[in-house]
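Protein chains in written order, with our numbering: chain E, 1 to 152; chain P, 1001 to 1152. Positions of the beta carbon are idealized from the N, C-alpha and C atoms, including for glycine. This one's a predicted model, so the numbers in the text were calculated from it and none came from an experiment. A short write-up of the structure that comes next.
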DNA sequence: CCGGCTTTTCAGAAATTTCTGAAGGGTCAG
DNA sequence: CTGACCCTTCAGAAATTTCTGAAAAGCCGG
């Protein structure tokens, strides 16, 4: 029946999922708009209207999405308003942004290893942690490579 | 010099990293204790003392760590207190717990695809999203398999 | 079965995160 | 140069998350 309603529901559900995945609330809702819009690009004002949110919070959300690299600002098409759209490799980017977490884990493990003595149980546990994240860090580039090849 | 101080600092830093990774504050600090303790297992009371936190919050943290499968309750060694320790495959488990997020992403994308028409830009974007997470979901089992092989 | 020691539960407090609304800045048309 | 429009910034408000403290429940030794 009502396609619009269906889409609105799907968009809201997706936003909730994105929040689960670690995005901030308004950033997640904004990203959902970028996904579900029928236009090629949208402006901050359009997002605010669609989400019934203040211009301020939308501005903040856009800023964070830009920083992470999920959306991009389009070369101004002669209009006064800035246009944005979802980047092509947005999902891979979102996934990759966890690499920083992995690196942080590695560093934390390394620091812990340095602070403990060889034989300590803590030392061993930290070594295991280090090994796992080292492994992960090594695997991810190849994983993303396979993805890019597949879409080729 | 002061090993204890070094270890305490490393533990706190690791807790902060874990929080970045998505854990709740107290759960992260508790996990850090499990990593850095020199004992084989610890009790809730010991954790509360070390973190200078209330027994209540420690109880909540332990509960959540148990649920995610990062720690395990040990068969009572004749004592009145429950003993817990870090599970061997804790880190792989922590990583795997993101699979649920991936599955949720897939479902959200599927719902969106169903709610849009074939030619729509939104339809295409959702299809791309779906493809990526489908790919990821397919890769992860093999990744974890390689990890388990490597450790032997 | 009782007493003491632990842990769990939960309502309220504290802290943190997130949103809004208004002021300010930038840009383009005229 | 001016006016209109839109976006950004930021202090304060609102909402959510997280912690605590006290009460209650569980468990073991005696």
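Buried or exposed for residue i, please, with buried defined as at least 16 other CB atoms from any protein chain shown within 10 angstroms of its CB.
| i | result |
| --- | --- |
| residue 138(E) | exposed |
| residue 45(E) | exposed |
| residue 1103(P) | exposed |
| residue 29(E) | buried |
| residue 1014(P) | buried |
| residue 39(E) | exposed |
| residue 1048(P) | buried |
| residue 1130(P) | buried |
| residue 125(E) | buried |
| residue 151(E) | exposed |
| residue 5(E) | exposed |
| residue 90(E) | buried |
| residue 114(E) | exposed |
Can you tell me which of the three DSSP states residue i falls into?
| i | result |
| --- | --- |
| residue 1072(P) | strand |
| residue 1043(P) | coil |
| residue 35(E) | helix |
| residue 24(E) | coil |
| residue 55(E) | helix |
Would you mind working out which of the options sits nearest residue i, comparing C-alpha positions?
| i | options | result |
| --- | --- | --- |
| residue 64(E) | 50(E), 118(E), 94(E), 119(E) | 94(E) |
| residue 1012(P) | 1060(P), 1043(P), 1051(P), 1096(P) | 1051(P) |
| residue 1109(P) | 1062(P), 1127(P), 1144(P) | 1127(P) |
| residue 1056(P) | 1113(P), 1026(P), 1143(P) | 1026(P) |
| residue 1008(P) | 71(E), 111(E), 47(E), 4(E) | 111(E) |
| residue 83(E) | 89(E), 90(E), 91(E), 74(E) | 74(E) |
| residue 1101(P) | 22(E), 6(E), 5(E) | 22(E) |
| residue 1142(P) | 1096(P), 1020(P), 1091(P), 1016(P) | 1096(P) |
| residue 81(E) | 59(E), 107(E), 144(E) | 59(E) |
| residue 18(E) | 1069(P), 1115(P), 1133(P) | 1133(P) |
| residue 1092(P) | 1061(P), 1117(P), 1149(P) | 1149(P) |
| residue 69(E) | 31(E), 42(E), 24(E), 87(E) | 87(E) |
| residue 16(E) | 1041(P), 1107(P), 1144(P) | 1107(P) |
| residue 1031(P) | 1099(P), 1071(P), 1105(P), 1147(P) | 1071(P) |
| residue 1144(P) | 1116(P), 1105(P), 1098(P) | 1098(P) |
| residue 3(E) | 1147(P), 1117(P), 1146(P) | 1117(P) |
| residue 1085(P) | 1147(P), 1054(P), 1105(P), 1043(P) | 1043(P) |
| residue 1020(P) | 10(E), 105(E), 147(E) | 105(E) |
| residue 1024(P) | 1054(P), 1053(P), 1061(P) | 1061(P) |
Say the cut is 7 Å; is the CB of residue i nearer than that to a heavy atom of the ligand FAD?
| i | result |
| --- | --- |
| residue 1112(P) | Of the ligands one can find in the structure shown there are none, so the ligand FAD has no counterpart to examine. |
Only counting runs of 3 or more residues, tell me where the beta strand (DSSP E) segments fall wholly within the segment 66 to 134 of chain E, in order along the chain.
Secondary structure within the segment 66 to 134 of chain E: the beta strand (DSSP E) runs of 3 or more consecutive residues, fully enclosed, are 71 to 73, 83 to 86 (chain order).
For the segment 22 to 38 of chain E against the segment 1130 to 1147 of chain P, do three or more pairs of beta-carbon atoms, one drawn from each stretch, fall closer than 8 Å, so that the two count as touching?
Pairwise C-beta distances place the segment 22 to 38 of chain E out of contact with the segment 1130 to 1147 of chain P, as fewer than three of them are shorter than 8 Å.
State whether the segment 58 to 73 of chain E contacts the segment 114 to 129 of chain E, with contact taken as three or more CB pairs (one from each stretch) at a distance under 8 Å.
No, they do not touch.
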